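Novice: In the working numbering, the protein residues as written are -14 to 262.
Glycine included, each C-beta is placed from N, C-alpha and C at the ideal position.
Since the model is a prediction, treat every value here as computed from it, not as a measurement.
Before I ask anything, here is the structure I am working with.
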């Protein structure tokens, strides 16, 4: 019977030891401390320095022991972020004003002057990306304008130019596209305004008389001569008009067809040269 008290005492000791060794639940402040530390990191990442500082102050007041010591690097990061903000805020403000005036090229140059000091500062990096996107959009619109111009879609080309300039008043090649459009509009107006050369009607020969094909041939030859002269002067509208009139008199004329093709080809090449230059 004396063994039972010893066994009971041993069991009681084991239970007490197990309870003593059991992991203790963390205090309620630990979870709140960790949440505040994470909030400081998130606010720094998003560039919200006010929220970062507020969360840091709350964490410093709540955290204890090792967790409080771990806040020191966060405190240094917040201090560096404020120093960056002070250094970079003026550059950011000036750059934003340039964007508002549709001058992303100048904005990019302004940001580049502060690259070493401000890279890594979230508002600076975000503004850099915004400037790059605006420049890229303007460049694509200018390229689209040239493509539309080459296929004769002048209205669409002008619309692309207007959209590009609305993004970047100093868009690269905007002046070249504008000049090419002006030339194309003038050529279009010249084509519309050039009158068709009157065709001299050859009276029908009297009965029994010889054909007057020679007179028609002479008129066709004159029209072709005038067309070639116009082509040499780079007056493509007049050259095409002469060729077409010659074809009306002599529909199968290879010389008239050849003149018309040369005039149209020369006109396209002239327009393309302007676009490429």
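Out of 141, 159, 215, which one is the CA nearest neighbour of residue 124?
Specialist: Looking at the Cα atoms, 159 is the closest of the given residues.
Novice: Any chance the region 244 to 259 sits against the region 226 to 234, with 3 or more Cβ pairs inside 8 Å?
Specialist: As far as the Cβ criterion goes, the region 244 to 259 touches the region 226 to 234, which means the pair count is three or higher.
Novice: Please identify the residue among 105, 113, 38 whose C-alpha is closest to the C-alpha of residue 84.
Specialist: The residue with the shortest Cα to Cα distance from residue 84 is 113.
Novice: Which ranges does the alpha helix (DSSP H) cover as unbroken runs of at least 4 residues, wholly within the region 214 to 259, from first to last along the chain?
Specialist: Whole alpha helix (DSSP H) segments, 4+ residues: 221 to 234.
Novice: Out of 256, 121, 202, point me to the one whose CA is closest to residue 239's CA.
Specialist: The option with the nearest alpha carbon to residue 239 is 202.
Novice: Taking residue 99 as the reference, give the member of 140, 128, 78 with the closest Cα.
Specialist: Out of 140, 128, 78, 78 has the C-alpha closest to the C-alpha of residue 99.
Novice: Could you pull the start and end residues of the alpha helix (DSSP H) that residue 119 belongs to?
Specialist: Here the alpha helix (DSSP H) through residue 119 covers 107 to 135.
Novice: How is residue 104 classed by DSSP in three states: helix, strand or coil?
Specialist: DSSP places residue 104 in coil when its eight states are reduced to three.
Novice: With H, G and I counted as helix, E and B as strand and the rest as coil, what does DSSP make of residue 156?
Specialist: Correct three-state label for residue 156: coil.
Novice: Assuming residue 146 and residue 162 make a contact with CB atoms under 8 Å, what is their CB distance in whole Å?
Specialist: Right, their Cβ atoms sit about 5 Å apart.
Novice: Assign residue 215 to buried or exposed, taking buried as 16 or more other Cβ atoms, counted over all protein chains shown, within 10 Å of its Cβ.
Specialist: Under this definition residue 215 is a buried residue.
Novice: Threshold first: 4 residues or longer. Then list the alpha helix (DSSP H) segments lying entirely within the region 51 to 96, N to C.
Specialist: Counting whole runs of 4 or more residues, the region 51 to 96 contains the alpha helix (DSSP H) stretches 56 to 85.
Novice: Have a look at residue 30 and residue 47 and give me their C-alpha separation to the nearest angstrom.
Specialist: When rounded, the distance between both Cα atoms is 23 Å.
Novice: Under 7 Å, do residue 165 and residue 156 count as touching if we go by C-beta distance?
Specialist: Cβ distance not < 7 Å, so residue 165 and residue 156 don't count as in contact.
Novice: Is it buried or exposed, residue 28, if we count other Cβ atoms within 10 angstroms and call 16 or more buried?
Specialist: So residue 28 counts as buried.
Novice: In chain order, what residues of the same chain lie with their CB nearer than 6 Å to the CB of residue 252, ignoring the 5 residues before and after it?
Specialist: 221, listed in sequence order.
Novice: Distance check for residue 127 and residue 53, CA to CA, integer angstroms please.
Specialist: For residue 53 and residue 127, the distance between alpha carbons rounds to 57 Å.
Novice: So is residue 227 buried or exposed if we call it buried at 16+ other beta carbons inside 10 Å?
Specialist: Answer is buried; the Cβ neighbour count reaches 16.
Novice: Taking the alpha-carbon positions, what's the residue 15 to residue 37 distance?
Specialist: When rounded, the distance between both Cα atoms is 19 Å.
Novice: Which first and last residues belong to the alpha helix (DSSP H) in which residue 43 is found?
Specialist: Segment 34 to 47, the alpha helix (DSSP H) holding residue 43.
Novice: Three-state secondary structure (DSSP) at residue 144?
Specialist: Here residue 144 sits in helix by DSSP.
Novice: Could you tell me the alpha carbon to alpha carbon distance between residue 117 and residue 89, rounded to whole angstroms?
Specialist: Distance between the alpha carbons of residue 117 and residue 89 is about 8 Å.
Novice: Report the rounded CA-to-CA distance for residue 25 versus residue 106, giving the unit in angstroms.
Specialist: Those two C-alpha atoms are separated by around 15 Å.
Novice: Can you have a look at residue 197 and say buried or exposed, based on whether 16 or more other CB atoms are within 10 angstroms of its CB?
Specialist: At residue 197, the pLDDT of 44 sits below 50, so the modelled position is not reliable and the matter cannot be decided from this model.
Novice: Could you check how far apart the C-beta atoms of residue 40 and residue 56 are, in whole angstroms? I think they sit under 8 Å.
Specialist: At roughly 10 Å, the Cβ-Cβ gap does not stay under 8 Å, so residue 40 and residue 56 are not in contact.
Novice: Return the CA-CA distance between residue 152 and residue 167, expressed in angstroms with no decimal places.
Specialist: Distance between the alpha carbons of residue 152 and residue 167: 21 Å.
Novice: In chain order, what residues of the same chain lie with their CB nearer than 8 Å to the CB of residue 170, ignoring the 5 residues before and after it?
Specialist: Hits under 8 Å: 139.
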